[in-house]
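The sequence shown begins at 235 in the working numbering and counts up by one.
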Amino acid sequence: MSTASDAGFWDRSSRKYAKSPISDQAGYERTLERTRALLKPDDTVLELGCGTGTTALRLASEVTSYLATDLSAGMIAIAEEKRAASPIAGLAFRAATAEALAFEPARFDAVLGFNYLHLLRDLPGTLRSIHTLLAPGGLFISKTACLGDMNPLIRLALPMARALGKAPYVSVFRAPDLKQLVSAAGFDILCAEGHASRGRDARPYLVARKT
Ligand SMILES: C[S@@+](CC[C@H](N)C(=O)[O-])C[C@H]1O[C@@H](n2cnc3c(N)ncnc32)[C@H](O)[C@@H]1O
235 MSTASDAGFW
245 DRSSRKYAKS
255 PISDQAGYER
265 TLERTRALLK
275 PDDTVLELGC
285 GTGTTALRLA
295 SEVTSYLATD
305 LSAGMIAIAE
315 EKRAASPIAG
325 LAFRAATAEA
335 LAFEPARFDA
345 VLGFNYLHLL
355 RDLPGTLRSI
365 HTLLAPGGLF
375 ISKTACLGDM
385 NPLIRLALPM
395 ARALGKAPYV
405 SVFRAPDLKQ
415 LVSAAGFDIL
425 CAEGHASRGR
435 DARPYLVARK
445 T
């Protein structure tokens, strides 16, 4: 199993994903508001794992340029349809990974990744690519499901769901592990917040600065 098979999973899931409602709308709005406050009008922004572009369409008008990317061409095709319906200057979508983008010359003031880091096969390697993609002092803003902090039944169900093609590749870690990996990739963690509306929040919102 590989990144190519992950792309296949997300391509197959893309239409269904586009129709699924946001599980915690108020929590999502808190994340958007907080992120908006961190971005500046002259910023160039890269979003990784952007899915169908919901967040990009909400944030892109706040900055000079916003490149929203995803491994899945199916997700990007839906994002393009949404952009065609509500065009925003400076917003572009592209099927790409952090690793591929890091070989290109563009560097960004902020890199965003929401509900994305737990899906990576080589989290330390991708964090190093994100570090490369940022301009000096740039911000890496993320919100990530830490499955190690969630109900163990979810972890137990995952292998069967994956075998049946009903779940993607997922990496299991706890919030302290994630913070340690982000720091080890060359970032100062400026804050770790919980934006969930209810229950125990196992999706830390992290703001980290490239050192
Ligand atoms: C759970 S969805 C989240 C989408 C969006 N960020 C959101 O919060 O709604 C995860 C997305 O990450 C993408 N993804 C998975 N692995 C990836 C990788 N290695 N590089 C880039 N995107 C990836 C998937 O295609 C999918 O669109």
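The beta-carbon is built from N, C-alpha and C at its ideal position, and this holds for glycine as well.
The structure displayed is predicted, hence computed values, not measured ones.
Check	Outcome
Identity of the residues DSSP links to Gly347 by a beta bridge	Leu282, Ser376
Per-residue burial, Glu427 [other beta carbons within 10 Å of its own, 16 or more giving buried]	exposed
Sequence-distant residues of the same chain with beta carbon closer than 6 Å to Tyr403, five excluded per side	Asp240
Through-space distance from Pro255 to Ile322, alpha-carbon basis	23 Å
Residue interval of the alpha helix (DSSP H) (run including Val416)	409–418
Range covered by the beta strand (DSSP E) that runs through Ser299	299–304
At least 3 beta-carbon pairs within less than 8 Å: the region 245–261 vs the region 417–427	no
Met394 burial status per 10 Å Cβ neighbour count (16 or more: buried)	exposed
Beta-carbon proximity list for Leu354, same chain, < 8 Å, skipping 5 on both sides	Thr360, Ser405
Status (buried if at least 16 other CB within 10 Å, exposed otherwise) for Phe337	exposed
Three-state secondary structure assigned by DSSP to Arg328	strand
Rounded Cβ spacing between Lys444 and Pro370 (contact assumed at less than 8 Å)	7 Å
Candidates Ala260, Arg317, Leu415, Ala307, of which the one nearest Pro358 by Cα	Leu415
Pair within 8 Å by beta-carbon distance, Leu301 and Leu266	no
Identified DSSP bridge partners for Arg443	Leu373, Asp422
Coil, strand or helix - Glu315 by DSSP	helix
Rounded separation between Arg264 and Pro386 - CA only	27 Å
Cβ shell of Val297 (< 6 Å), same chain only, five flanking positions each side left out	Leu273, Asp277, Val279
Contact under 8 Å by Cβ, Asp286 with Ala313	Checking the displayed sequence, the identity of residue 286 turns out to be Thr instead of Asp. A contact, by the Cβ cut-off of 8 Å.
DSSP-derived helix/strand/coil call for Phe243	helix
Beta-carbon proximity check, Gly324 vs Ser299, cutoff 8 Å	yes
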